[in-house]
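Comments concern the structure below.
2 protein chains.
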Amino acid sequence: MSKALIIEDEQQMRRLLRMLLESRGYEVCEADEGQRGLQEAAFQRPDVVLLDLGLPGMGGLDVLKRLREWSDVPVLILSVRDQETIKVQALENGADDYVTKPFGSAELLARLDVIQRRRFTRQSPEIVAGPLKVDLLHHEAQIGDEPLKLTPTEFALLKVLAEHAGRIVTQNQIVKQVWPVQTSDPSEGLRVHINHLRKKLGVRGVSIVNEPGIGYRLE
Amino acid sequence: MSKALIIEDEQQMRRLLRMLLESRGYEVCEADEGQRGLQEAAFQRPDVVLLDLGLPGMGGLDVLKRLREWSDVPVLILSVRDQETIKVQALENGADDYVTKPFGSAELLARLDVIQRRRFTRQSPEIVAGPLKVDLLHHEAQIGDEPLKLTPTEFALLKVLAEHAGRIVTQNQIVKQVWPVQTSDPSEGLRVHINHLRKKLGVRGVSIVNEPGIGYRLE
DNA sequence: GAGCGTTTTCACACCTTCTTAACGCCCCAG
DNA sequence: CTGGGGCGTTAAGAAGGTGTGAAAACGCTC
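Respectively, the protein sequence lines represent chains A and B. Read in order, the letters of the first sequence correspond to residues 29 to 247 in the numbering used here. Read in order, the letters of the second sequence correspond to residues 29 to 247 in the numbering used here.
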């Protein structure tokens with residue numbers, strides 16, 4: 029049973045949405061105003077949020093921003109405005125999809141399905157290589173059951189190596205993925221971070237071996 | 029949930045593509061210029077890239093080449109030009125498929141399906157000669173299932189020989205490909221590296237034979 | 001602005017790889 | 001028979017890549 033939160037000021041629209049959602053098996057809660065919507069989101073912990081952009085008081089975009097500060101719940105935007113700029117702004121601020129009023133019920137439900145499905149498959153994208161686990165979503169890595177405390181760069185580095193575990197990864201490949209914006213001297217700092225990473229990995233079944241003149245390999 | 033990256037300068041085309049892809053359940057990110065596209069590819073790690081050949085600044089073909097230096101993500105080329113030469117160039121440089129604008133949405137999605145499906149069974153560009161495999165992207169070589177530990181020069185040498193497996197390769201040809209910047213005495217060091225390579229190949233069904241006065245041949 | 005963690009830079013020791021040179025072998029021509 | 005050219009092999013110095021510690025620069029929070 030999934031729970032949905034509707035943040036929408038027009039009562040008629042709320043009723044319509046509630047009917048639609050409940051017919052689809054959702055548990056529904058509502059809020060008619062932005063501030064209240066945020067409170068409900070915190071209390072009820074919905075699995076999906078339907079958010080009207082044209083809210084009185086705090087605008088829908090602001091609600092979205094505030095919500096995204098602490099939650100990654102899927103958000104479906106509702107709006108009468110078909111303006112590209114606002115749509116883009118909402119998506120850039122973490123909205124998952126966008127429906128323009130008036131909309132067909134079939135379309136709404138289809139889009140809900142999509143972002144719900146996305147949520148489950150996105151749940152914990154992680155890379156496993158032997159005793160090593162790298163959780164991309166939460167930026168956590170662990171060997172066996174012991175968590176590793178890594179800096180962002182170290183994490184990105186480990187991620188690249190773990191993605192191709194057991195195979196050689198060229199220095200070029202590593203640098204381009206860890207430092208996408210070109211920096212001064214690529215291979216200079218790489219050695220240092222490899223060094224740090226090796227120390228943190230220790231001797232727990234995972235090691236980074238160098239292939240001289242080519243790159244590195246995670247075993 | 030797959031992620032797609034669109035590298036395309038025309039905004040209208042980007043919008044069209046985004047709609048198409050999102051309706052198909054893709055998560056979409058965009059770039060309107062080549063350099064930025066490469067950065068996005070590194071940041072976002074898309075599962076498929078749609079690349080316009082007619083980009084301003086860095087041409088689409090250059091983007092493809094740069095991308096292929098470190099990534100083997102499937103790439104679908106978009107272009108208005110229906111010229112056979114460019115099409116061939118793109119495919120030779122690692123593009124997976126090619127769509128000519130204007131195209132039907134059904135065609136695009138069908139081709140996307142194909143290269144996505146291919147992605148799982150797909151392997152990186154490699155040269156196979158009997159029991160010998162030379163993986164160019166990962167700089168790995170193996171005989172049967174046993175990996176070979178080669179130095180960069182040895183790898184380059186083996187690559188040249190394997191490319192023309194069974195045929196004679198002139199000493200001149202070898203030297204020019206292994207040492208692009210001309211060094212002092214070509215055939216001097218070549219003998220040494222051939223020697224090293226022979227030792228590492230051992231007696232496992234692959235051998236380098238000399239054609240006196242001409243060059244070498246891989247059997 | 002101070003303090004802290006992170007990233008980058010730098011210097012130097014160490015190791016692998018490359019180059020060069022030397023030598024012996026085989027084959028073939030003189 | 002003999003000398004030379006091409007080749008295989010080995011060894012050693014040269015060149016370049018790598019590991020590591022420390023210091024400086026950077027970015028963020030308080």
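Glycine is no exception: its CB is placed at the ideal position from the N, C-alpha and C atoms. Source: prediction; values computed, not measured.
Inset, instruction - Check the Cβ-Cβ distances between S152 of chain A and every residue of chain B, and say whether any is below 8 angstroms. - result: With a pLDDT of 48 at S152 of chain A, under the threshold of 50, the modelled position of this residue cannot be trusted; read the value that follows with caution. S152 of chain A does not count as touching chain B.
Legend entry - Residue from B:E61, B:M47, B:D141 and B:L48 with nearest C-alpha to I35 of chain B: B:E61
Legend entry - 3 or more residues per run - each beta strand (DSSP E) lying fully within the stretch 162 to 195 of chain A: Whole beta strand (DSSP E) segments, 3+ residues: 168 to 171 and 174 to 176.
Inset, instruction - Would you check if the distance between the CB atom of S30 of chain B and the CB atom of Q144 of chain B is smaller than 8 angstroms? - result: yes
Inset, instruction - Taking the CB atoms as reference points, tell me whether I171 of chain A and G217 of chain A lie closer together than 8 angstroms. - result: No, the pair does not count as a contact, with Cβ atoms beyond the cut-off.
Inset, instruction - Could you name the residues of chain A that H166 of chain B contacts, counting a contact when the two beta carbons are closer than 8 angstroms? - result: Within 8 angstroms Cβ-Cβ: H192, R195, I196, V197 and T198.
Legend entry - Any C-beta of chain A under 8 angstroms from that of L79 of chain B: no
Legend entry - Identified DSSP bridge partners for L49 of chain A: Paired residues: none, contrary to the question.
Legend entry - C-beta atoms of E154 of chain A and D163 of chain A nearer than 8 angstroms: yes
Inset, instruction - State the beta-bridge partners of I155 of chain B as determined by DSSP. - result: B:V162
Inset, instruction - To the nearest angstrom, report how far apart T149 of chain B and S107 of chain A are at their CA atoms. - result: For T149 of chain B, the predicted structure reports a pLDDT of 47, less than 50, and the residue's modelled location is therefore unreliable. A value from the coordinates is still provided. Near 43 angstroms, if we compare the C-alpha coordinates of S107 of chain A and T149 of chain B.
Legend entry - Pick from A:E239, A:V76, A:R226 and A:R195 that is closest to D141 of chain A, judged by C-alpha positions: A:V76
Inset, instruction - Would you kindly report the start and end of the unbroken beta strand (DSSP E) that includes L92 of chain A? - result: Here L92 of chain A belongs to no beta strand (DSSP E); instead the alpha helix (DSSP H) covers G88 to R96.
Inset, instruction - Look at the Cβ atom of E247 of chain A, then the Cβ atom of H221 of chain A, and state whether they are nearer than 8 angstroms. - result: Between E247 of chain A and H221 of chain A, the gap from beta carbon to beta carbon reaches 8 angstroms or more.
Inset, instruction - Figure out for me which residue from A:G65, A:G194 and A:M47 has the closest Cα to the Cα of H166 of chain B. - result: A:G194
Inset, instruction - If I'm right that L186 of chain A touches A169 of chain A with Cβ under 8 angstroms, what's the distance once you round it to whole angstroms? - result: 6 angstroms
Inset, instruction - For the beta strand (DSSP E) holding V206 of chain A, just list the boundary residues, first then last. - result: Here V206 of chain A belongs to no beta strand (DSSP E); instead the alpha helix (DSSP H) covers Q199 to V206.
Inset, instruction - Using three-state DSSP, classify L246 of chain A as helix, strand or coil. - result: L246 of chain A falls in the strand class under three-state DSSP.
Inset, instruction - Please compile the residues from chain A whose C-beta is within a distance smaller than 9 angstroms of the C-beta of E97 of chain B. - result: T198, N200, Q201 and K204
Inset, instruction - Could you tell me which of A:P214, A:D100, A:H224 and A:G230 sits nearest to P159 of chain A, measuring between CA atoms? - result: Nearest C-alpha to P159 of chain A: A:G230.
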